[in-house]
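**Student:**
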Amino acid sequence: MELKTRIWETVEKMPVSLQAELLHYAEYLQEKYHQENLTQDKSLIKSHMDKLKDTCDDSLKDIDDEDFFSLAGLWQDREISIELIRKQAWLDRNK
């Protein structure tokens, strides 16, 4: 017999007062389950964020001032504006 069917048949045989108690307990279990999963999810998210932060920190340590400033003149003497960037980005739509 299917679990849901067995549960339903058992609950139908109970007095209303026990049914109310069972409902209260089921709601408690559901909330407890939700809270436990929420805590686990938060822990997992924090773990992933910590790993990402460590990775970014390690990557940033590899970049020294010389590397950063070597790119400073990358756009020097180039015609660049928001309008030009948009125009080039939507080249197919501008035809």
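With positions in the sequence shown counted from 1, the corresponding number in my numbering is that position plus 14.
C-beta atoms are modelled at their ideal positions from N, C-alpha and C, and glycine is treated no differently.
Distance check for Asp64 and Glu50, CA to CA, integer angstroms please.
**Tutor:** So the two alpha carbons sit approximately 21 Å from each other.
**Student:** From which residue to which residue does the alpha helix (DSSP H) around Gln102 run?
**Tutor:** Counting along the chain, the alpha helix (DSSP H) containing Gln102 begins and ends at 96-103.
**Student:** Assuming Leu36 contacts Met28 (C-beta within less than 8 Å), just tell me the rounded distance between them.
**Tutor:** With a Cβ gap of about 7 Å, Leu36 and Met28 count as contacting.
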